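One rule links them: number in the numbering used here = place in the sequence shown (from 1) + 1.
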Amino acid sequence: MYGYRESYVTQYFLVETKLMKTMPNIRYLHLIIENHDIQRKIQKGVCGSTSENKESLANRALEIQTEIRAHRKSFQFQIRLLYFIFRNAVDARVTTNYTNGLSSYSSTFMRPYGYTNNYYFHAIAVRIFSSGLYSFTSNSTFDIYGSFHRYPVDITIPSQSMITDDYYNGGDRQFQINIDLQSNQTYVLIVSTYSPNVTGLFTIIVEGPSNVELIHNDYFVLETTTTTTIRPMITSNYLGFLSSDNLQFNRPTSNSDNHYYQAIEITATVSDTYIFMSSSTFGIYGYFYENSFDPYYSNRNLIASNDDDGDNTQFRINVTLQFQRKYILVITSFGYNITGAFLIKAIGPTPLLFTPINQIKSYYGDSLSCSSSTFSRWGSTNDHGCYFYQANRIEISMNGFYTFFDNSSMDTVGYLYSDSFDPSRPYQNLITSNHGDFNYLHLGISYTLQSTGSYILVVTTRRENVQGSFQITAVGPSSSSHPIPQC
């Protein structure tokens, strides 16, 4: 205990006051005993035995009491008294506790000095009221990791704002971070794990010269720009599966059409940059398309792709999405005929809606023979008009993007018309065509169809006078009724 001596007549005792409730670091106050108490103790011989000493002490005590009464209500005296209280307060450290947890629903990132994007984390905004040295110690059942950052934090590059980190100084696989903090700044404590994919509860114990405000923080910078923009960070998840029931295609940069895929429509309610990361047991590929995805022209409308930026052969795609635009994320494998489960995590300012695009197959088979009608593909005398063809009316029940392709051994060509087809005028009402360039020599047509529309698919061959059977497969959001031969 610290005390202030005024000769031999001033004594102190310890009292608790209401000030402790508003200023936690002041535990005890040292107050002056008034004159009548001093005189009573003097008479008992506490402060001396000679009459000269007693008289001198009594006079001094009276002077002190007179000064207190004269200045008790003055501002100057109150300031002196407060200074006296602060100078003689017992120094104390205040403890603040914060408890929360990491779960499979927590956001993930690549922590500083980590090697994967699969570290769950919990971010805490830290605000203090008195500058000084603070200690942050963890208490958990798992091997924990903590890092201290300046605000704001770019969660894609957390080391950029990091001040310090630790994972073992607290003993028993716990962190302890001792750091000087300023009261006029905001900091972020990121609680994560030493190993990836670990969950559990934790408590953070803070000791320092004042109380500490600890608030779960959801706001980060998602990309570095010339103008710092602070955005909330929200994680959206989608769990899917590639199986033998999925369609296959020839993905970009591949030379095989034996890649199973799943197409997912992505809906964003806020225009901004989003991060997409995969997690699976196989080498995975991600492709981002705008407006539509055509599995037979897989480079068309492609805006972003990746296969290994997320490490462990996982993709990581940073892409800017616009509100009221249509985007399709296509998930496939690096190798051929690969199946398995996958998880997609999207990080951005708002939740994203993942809608799997159901691909329904419909089949129709027929043949071209000498009894089939013929026409001139070019509509002129450039050929002899000896292309066998069959015209089939297409009926669908749902609007959407449809693809028609042929798996036959013939070199087939397709034409899609609206309303009607006139073989003498092959370019009239023509919507789109495939002149044998799809999949090298086979028919393949993709187009967005309306359920109220009337469409005709014409199947013919690349060369004249070719006969043989064909099988048309229609893929889209609804089944396509068996086309009706028109002629």
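Cβ coordinates follow ideal geometry from the N, Cα and C atoms, glycine included. Fair warning: this is a prediction, and the values are worked out from it, not measured in the lab.
Counted within 10 angstroms of its Cβ, other Cβ atoms place residue i as buried (16 or more) or exposed
i                 : result
glycine 349       : buried
leucine 202       : exposed
leucine 243       : buried
proline 1         : Because the chain in this structure spans residues 2 to 488, residue 1 falls outside the shown range and cannot be described.
phenylalanine 389 : buried
tyrosine 364      : exposed
serine 148        : buried
glutamine 391     : buried
isoleucine 473    : buried
glutamine 175     : buried
leucine 190       : buried
threonine 461     : buried
glycine 366       : exposed
Rounded C-alpha distance that separates residue i from residue j
i                 : j                 : result
serine 470        : serine 104        : 57 Å
proline 478       : tyrosine 239      : 20 Å
serine 421        : proline 253       : 35 Å
leucine 458       : isoleucine 395    : 7 Å
valine 154        : serine 107        : 17 Å
asparagine 98     : tyrosine 297      : 58 Å
serine 374        : threonine 449     : 28 Å
glutamine 468     : leucine 444       : 15 Å
isoleucine 345    : phenylalanine 277 : 7 Å
phenylalanine 355 : alanine 264       : 10 Å
histidine 416     : asparagine 435    : Histidine is not the amino acid found at residue 416; the sequence shown has tyrosine there. Each residue's alpha carbon lies about 6 Å from the other.
tyrosine 188      : isoleucine 129    : 9 Å
tyrosine 337      : serine 257        : 8 Å
asparagine 319    : serine 334        : 19 Å
serine 281        : phenylalanine 343 : 5 Å
glutamine 161     : glycine 115       : 14 Å
threonine 351     : tyrosine 121      : 19 Å
glutamine 315     : glycine 241       : 15 Å
leucine 313       : phenylalanine 250 : Inspection of the sequence shows that residue 313 is occupied by asparagine rather than by leucine. When rounded, the distance between both Cα atoms is 24 Å.
threonine 321     : isoleucine 158    : 18 Å
glycine 102       : glycine 311       : 25 Å
phenylalanine 283 : serine 377        : 50 Å
serine 419        : glutamine 451     : 11 Å
Bridge partners - residue i, DSSP secondary structure assignment
i              : result
glutamate 465  : Note: glutamate 465 sits in no beta bridge, so no partner.
arginine 128   : Glu214
methionine 278 : Arg317 and Lys346
glutamine 175  : Gly172
glycine 209    : Val95
serine 306     : Tyr288
aspartate 420  : DSSP lists no partner for aspartate 420.
leucine 431    : Tyr418
threonine 138  : Gln177 and Ile206
Please list the segments of the beta strand (DSSP E) lying wholly inside the stretch 349-379, counting only runs of 3 or more residues, in order along the chain.
Fully enclosed beta strand (DSSP E) runs of 3 or longer: 354-357, 361-369 and 374-376.
Counting pairs of beta carbons, one from the stretch 136-156 and one from the stretch 177-196, are three or more of them closer than 8 Å?
Remark: three or more beta-carbon pairs, one from each stretch, lie closer than 8 Å, so the stretch 136-156 and the stretch 177-196 are flagged as touching.
Is the stretch 256-270 touching the stretch 319-336 in the sense that three or more CB pairs, one from each, lie closer than 8 Å?
The stretch 256-270 and the stretch 319-336 touch, with three or more beta-carbon pairs separated by less than 8 Å.
Output the residue ranges of the beta strand (DSSP E) runs that lie fully inside the stretch 232-301 and measure 3 residues or longer, sorted by chain position.
Restricting attention to beta strand (DSSP E) runs no shorter than 3 residues, the stretch 232-301 encloses them at 235-243, 260-268, 273-281 and 285-291, ordered along the chain.
Could you give the uninterrupted runs of the beta strand (DSSP E) lying entirely in the stretch 144-172, keeping only those of 3 residues or more?
Fully enclosed beta strand (DSSP E) runs of 3 or longer: 145-151 and 163-167.
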